[in-house]
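Peer 1: So that you can map any letter, position 104 of the sequence shown is 103 in numbering that gives the first Met the number 0, and since no number is skipped, the others follow by simple counting. Got a structure here, written out as structure tokens. Questions coming.
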Amino acid sequence: MQMDDFLQKLTDIIWERRKITSPLYQIIMRGEATLRLLQNFVIHRYPIKNIYTRNVMGVGSRIEDHKLRRLFVENVYEEETGATTNSGRHVEIFLTFGEYLGVPAETVLNTPLLPETKALVDFNLNACNNTNVPIGDGAASVLLLMEGQPPIVNKNGNSMESVMRDVYKLPRKAYEFFTHHASSNGDKEYVSDLETTHTSAIVEVLRRYCTTDELQQSAIRSLKTAIDLRHKHFDAVYENFYDPNEPVFRYSELSAEATHGD
Ligand SMILES: [Fe+2]
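Here's what the structure looks like:
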């Protein structure tokens, strides 16, 4: 396949089953998530986010060219420290979101993985961190899939960040994670500005390493498997923890309850 056709094919596969096609993200973006669903969203998304830097390092460590490898180091450095955006370690900012929902970090760290989450964690580690797997597999199926997502927007073009702020009424510190990760509205190509920079480095890896038909097919297969596993993981969160009979979550009501008792 021509390189540009190959890259377009990966983009199309990601687009077809982008996050907002999953019932989990649809219910959150419609503003109809319950407290229990959002709490479990944090608990069960955390393990995937937590291994992400190891996935980036796994791919990055195999790049010979310093200039390109450096971009992966910078990506990981920002993820692990928040230094370039003057924030904090990204997964910790995600844990802060959980704390505002009443889930202590300890609970997030100690909850056993759902089988669907474990399957995805195992897949991602193997694709990126097993040096017997072609580097393009991990770059396509984990890194491009995560960073190359189109913006998560609902019908009105609102971002995850704006829904957290305007609909669920969370305070700024609570939704900060989404300011860095899912703040683009419908007019942007990628999910946030940070991700746009990261994506170009990943695309460069694909250009340099997926140079044969065999390697391209392997990357495509790997991406399709990853998307299947990811949607099974999203669906598990939705099916296990969403009950439409429970009230929709609004932060103001939660804090009133916590302050005044019942
Ligand atoms: Fe991040």
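Beta carbons: idealized from backbone N, C-alpha and C, even for Gly. Note that the coordinates shown come from a computational prediction; the quantities given were computed from them, not determined experimentally.
1) Which full runs of the alpha helix (DSSP H) of 4+ residues lie inside the region 83-132, going along the chain?
2) The alpha helix (DSSP H) with E238 in it runs from where to where?
3) My assumption, with CB atoms under 8 Å, is that C209 sits in contact with G135. Please give the rounded CB distance.
4) Using the Cα positions of V107 and F96, report the straight-line distance between them to the nearest angstrom.
5) Under 8 Å between the Cβ atoms of Y250 and K168?
6) Would you list, in sequence order, the uninterrupted alpha helix (DSSP H) runs of no fewer than 4 residues that lie entirely inside the region 23-64?
7) For E78, is the beta carbon positioned less than 7 Å from some heavy atom of ligand 1?
8) With distances taken between CB atoms, is the gap from I12 to I226 smaller than 8 Å?
9) If you count every other CB in all the chains shown that lies within 10 Å of the CB of A82, and 16 or more means buried, which is it?
10) How many angstroms separate the CA atom of M163 from the CA atom of Y174?
11) Does DSSP classify S158 as helix, strand or coil?
12) State the start and end residues of the unbroken alpha helix (DSSP H) segment that holds A173.
13) Tell me whether R44 is buried or exposed, calling it buried when 16 or more other Cβ atoms sit within 10 Å of its Cβ.
14) If you draw a straight line from the alpha carbon of Y237 to that of V141, how long is it in whole angstroms?
15) Can the beta-carbon of L205 be found less than 8 Å from the beta-carbon of L100?
16) Three Cβ pairs or more, each shorter than 8 Å: is that satisfied between the region 40-56 and the region 229-247?
17) Hey, quick one: how far does the alpha helix (DSSP H) through T10 stretch, first residue to last?
18) Is H65 near ligand 2, going by C-beta to nearest heavy atom under 7 Å?
19) Within the same chain, show all residues whose beta-carbon is closer than 6 Å to that of V166, passing over the 5 residues directly before and after it, in chain order.
20) Just to confirm, does H180 get its C-beta within under 7 Å of one of the non-hydrogen atoms of ligand 1?
21) According to the neighbour-count rule (16 or more other Cβ atoms, all chains shown, within 10 Å of its Cβ), is N131 buried or exposed?
22) To the nearest angstrom, how far is the alpha carbon of V177 from that of N109?
23) With DSSP as the reference, please indicate the residues paired to V141 in a beta bridge.
Peer 2: Well, looking at it:
1) List check, alpha helix (DSSP H) in window: 89-99, 104-109 and 114-128.
2) As a working note, residue 238 is residue 239 in the sequence shown. Membership of E238 in the alpha helix (DSSP H) is indicated by the continuous run D212 to F240.
3) Taking the sequence shown and counting its residues from 1, the one referred to as residue 209 is at position 210. Taking the sequence shown and counting its residues from 1, the one referred to as residue 135 is at position 136. About 4 Å; that satisfies the 8 Å criterion.
4) What you label residue 107 is simply residue 108 of the sequence shown in a count that begins at 1. What you label residue 96 is simply residue 97 of the sequence shown in a count that begins at 1. Distance between the alpha carbons of V107 and F96: 11 Å.
5) Counting from one through the sequence shown, the residue named residue 250 turns up at place 251. Counting from one through the sequence shown, the residue named residue 168 turns up at place 169. For Y250 and K168, yes; Cβs fall inside 8 Å.
6) 34-59
7) Here residue 78 is taken as the residue at index 79 of the sequence shown, counted from 1. Yes, since a heavy atom of ligand 1 falls inside the 7 Å radius drawn around the Cβ of E78.
8) Position 13 of the sequence shown, counted from the first residue, corresponds to residue 12. Position 227 of the sequence shown, counted from the first residue, corresponds to residue 226. Going by C-beta atoms, I12 is nearer than 8 Å to I226.
9) Here residue 82 refers to the residue found at position 83 of the sequence shown. The residue in question, A82, is exposed, as its Cβ has fewer than 16 Cβ neighbours within 10 Å.
10) In the sequence shown, the residue the question calls residue 163 occupies position 164. In the sequence shown, the residue the question calls residue 174 occupies position 175. The straight-line gap from Cα to Cα measures roughly 6 Å.
11) Along the sequence shown, read from residue 1 onward, the residue named residue 158 stands at position 159. Reduced to three states, the DSSP call for S158 is strand.
12) The count along the sequence shown starts at 1 and reaches residue 173 at position 174. For A173, the enclosing alpha helix (DSSP H) starts and ends at R171 to H180.
13) Within the sequence shown, the letter at position 45 stands for residue 44. Flag for R44 reads buried.
14) Taking the first residue of the sequence shown as 1, we reach residue 237 at position 238. Taking the first residue of the sequence shown as 1, we reach residue 141 at position 142. So the alpha carbons of these two residues sit roughly 22 Å apart.
15) What you label residue 205 is simply residue 206 of the sequence shown in a count that begins at 1. What you label residue 100 is simply residue 101 of the sequence shown in a count that begins at 1. No; because the gap between Cβ atoms is not below 8 Å, this pair is not in contact.
16) yes
17) Counted from its first residue, the sequence shown places residue 10 at position 11. Unbroken alpha helix (DSSP H) run through T10: M2 to E15.
18) Ligand 2 is absent from the structure shown, which contains only ligand 1.
19) Position 167 of the sequence shown holds residue 166. Once the five neighbours on either side are set aside, the close Cβ partners of V166 are G30.
20) For the purposes of this step, residue 180 is identified with residue 181 of the sequence shown, where counting begins at 1. It does: the Cβ of H180 is within 7 Å (strictly closer) of some heavy atom of ligand 1.
21) Walking along the sequence shown from the start, residue 131 turns up at place 132. Classification of N131: exposed, given that the 10 Å Cβ count is below 16.
22) Locating residue 177 in the sequence shown gives position 178, where the first residue counts as 1. Locating residue 109 in the sequence shown gives position 110, where the first residue counts as 1. This sequence places Phe at residue 177; Val is not what is there. Rounded to the nearest angstrom, the two C-alpha atoms are 23 Å apart.
23) On the sequence shown, residue 141 is found 142 positions in, with the first residue counted as 1. Its beta-bridge partners do not exist; DSSP assigns none.
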